[in-house]
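One structure is given here, and the rest of the page talks about it.
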Amino acid sequence: QVQLAESGGGLVQAGGSLRLSCAASGGMFGLFIMAWYRQAPGKQRELVARIDAGGGTTYADSVKGRFTISRDHAKNTVYLQMNDLKREDTGVFSCNALNVGSSMQYWGQGTQVTVSS
210 QVQLAESGGG LVQAGGSLRL SCAASGGMFG LFIMAWYRQA PGKQRELVAR IDAGGGTTYA
270 DSVKGRFTIS RDHAKNTVYL QMNDLKREDT GVFSCNALNV GSSMQYWGQG TQVTVSS
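Shown next as structure tokens:
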């Protein structure tokens, strides 16, 4: 059973930075496309950034140039570096792992990010 454990959320002022981490266990990390999703209050969950096993990345337009997703295969961990945070970035950030072979996907419990003005 794949388990994902997020960390790094918190309260930050607008313009500040945070780095989220998601440690994966129980599966072959190299088989997963890893992603971060965000759910803002009263809104649907949306994709923020995705990284495939080879390092190819995709970003939501709203975070391009500010957020960077990366992965460390030795540590089975994916990161989301968030710079120049805005109030609209506030939400619960969840880590997602998609097994490209089986199409099974897994979710972490989420970590709260709150950006104050």
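In this text, residue positions in the sequence shown follow the numbering used here: the first is 210, and each later residue adds one. All residues carry an ideal CB built from backbone N, CA and C; glycine is no exception.
From the DSSP output, in three-state form, read off residue i for me.
i    : result
D281 : strand
L294 : coil
K218 : Checking the sequence, you will find Gly at residue 218 rather than Lys. Looking at G218 - three-state DSSP - the assignment turns out to be coil, as it is neither helix nor strand.
V272 : helix
G239 : helix
Assuming the contact rule is C-beta atoms closer than 8 Å, residue i and residue j should be a hit. Round their C-beta distance to whole Å, please.
i    : j    : result
L227 : L294 : 7 Å
I278 : D261 : So it is not a contact: roughly 10 Å between Cβ atoms.
E215 : G319 : 6 Å
M267 : R280 : According to the sequence displayed, residue 267 carries Thr and not Met. 13 Å between Cβ atoms; not a contact.
Using the Cβ count rule (16 or more neighbours within 10 Å means buried), how would you classify residue i?
i    : result
L213 : buried
G274 : exposed
L240 : exposed
M237 : exposed
Are the segment 281-288 and the segment 225-233 in contact at 8 Å, needing three or more beta carbon pairs?
yes
The segment 299-316 / the segment 244-255 touching (three or more Cβ pairs under 8 Å)
yes
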